[in-house]
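Position one of the sequence shown corresponds to residue 656 (full-length UniProt numbering), numbered consecutively onward. See below for the structure under consideration.
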Amino acid sequence: QADIAMYQAKAAGRNNLRFFDPAMQASIIARTAMEQALHEALNAKQFRIFYQPQVDAEGRIYGAEALLRWEHPTQGMVSPASFIPLAEETGLILPLGHCVLENTCEQLVKWASLPGMAHLTIAVNVSIRQFRQDDFADQVLAILAKAGANPARLKLELTESILALDLQDIKSKMTRLKAQGVTFSLDDFGTGYSSLAYLKQLPLDQLKIDQSFVRDILNDVNDEAIAKMIIALAASMGLQVIAEGVETTLQKDKLLDLGCANYQGYLFSRPVAIDEFEALINSR
Ligand code: C2E
Ligand code: MG
Ligand code: MG
Ligand code: MG
């Protein structure tokens with residue numbers, strides 16, 4: 656293989672740039688295949704939305720985060736961690752993200768007529784690539800209107816990466832959506848590099864403590880200090896705070912002690928298919 660690649664590179668001539676690193680060539684081929692597979696998956700409707708409960712201090716479910724899954728015909732459920740980055744790079748995240756918003760808004764409408772479900776909110780992850788589109792706010796409002804969903808039940812999760820965009824632009828998109836009732840959460844908070852001066856200018860509703868600080872919160876004084884700081888920051892900015900990745904009662908109790916009263920994590924439930932999520936609500 657290496658010989659062939661080297662031969663091809665030589666044959667192409669000294670002044671022509673060719674990939675002659677077989678490992679690099681293999682990874683490019685794999686990437687192209689993956690990109691192709693993602694396109695096919697979208698056409699074949701192989702993407703599913705799973706719902707992970709969000710609970711309050713009393714353990715009551717008040718909402719869910721929508722998490723994308725790829726139901727691969729041979730590999731089973733594929734985690735978004737393995738395809739979102741490529742979907743972002745290739746732009747496929749745009750139709751995919753649009754689909755997620757349409758689906759979740761339709762779900763909100765179904766719940767709206769059910770007494771035990773009408774109060775539920777859905778948090779949807781939005782990538783910077785989606786948010787960057789000039790007409791992002793209009794798209795979201797059009798999807799909400801088409802479905803007939805209450806914007807106040809939709810929460811959009813942004814990450815600190817959006818702070819790379821023009822601040823006025825971010826603010827105007829958020830403000831336009833907030834005027835209709837849409838709320839915003841800052842996901843994975845503490846892992847990016849937000850300038851607090853920027854942060855305070857964003858019309859946010861919630862900070863989400865990243866699971867990397869929750870994992871060792873009982874044993875690592877630095878993680879505890881960071882969680883504490885985020886909770887204090889949220890309180891002083893008048894924002895709600897939620898912790899992700901809560902797996903044990905001890906972690907939950909610790910967070911409650913520190914003043915965080917909203918949680919998401921395996922302690923309560925893994926992300927589950929819609930039927931299972933509804934069964935969870937109905938069983939309470
Ligand atoms: P995220 O938004 O920070 O979502 C939280 C991740 O933590 C999810 O991984 C969830 O399954 C996982 N998780 C929840 N509870 C626990 C727990 O107690 N312990 C541990 N160890 N993990 C827990 P998932 O579903 O694999 O999603 C990974 C990331 O993919 C998400 O991170 C989000 O950034 C991205 N993503 C998922 N769905 C979408 C989507 O529709 N659009 C976009 N743009 N990104 C998405
Ligand atoms: Mg999220
Ligand atoms: Mg997160
Ligand atoms: Mg995360």
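Note that beta-carbon positions come from the ideal geometry of N, C-alpha and C, so glycine has one too.
- Beta-bridge partners of Val-896 (DSSP): Leu-862.
- Tyr-921 has its Cβ nearer than 7 Å to a heavy atom of ligand 1.
- Take the alpha-carbon of Ile-739 and the one of Val-781: they are about 11 Å apart.
- Boundaries of the beta strand (DSSP E) around Phe-705: 702-711.
- For Arg-831, the enclosing alpha helix (DSSP H) starts and ends at 822-833.
- Relative to ligand 3, the beta carbon of Asp-875 is positioned no closer than 7 Å to any heavy atom.
- A buried status is given to Asn-758, since no fewer than 16 other beta-carbon atoms sit within 10 Å of its beta-carbon.
- By the Cβ-count criterion, Tyr-918 is buried, with 16 or more other Cβ atoms from all chains shown falling within 10 Å of its own Cβ.
- Inter-residue distance for Asp-871 and Asp-878 is about 7 Å (C-alpha atoms, whole angstroms).
- Put simply, of Thr-846, Asn-805 and Met-732 the residue whose alpha carbon is nearest the alpha carbon of Val-927 is Met-732.
- For Val-779, the enclosing beta strand (DSSP E) begins and ends at 776-780.
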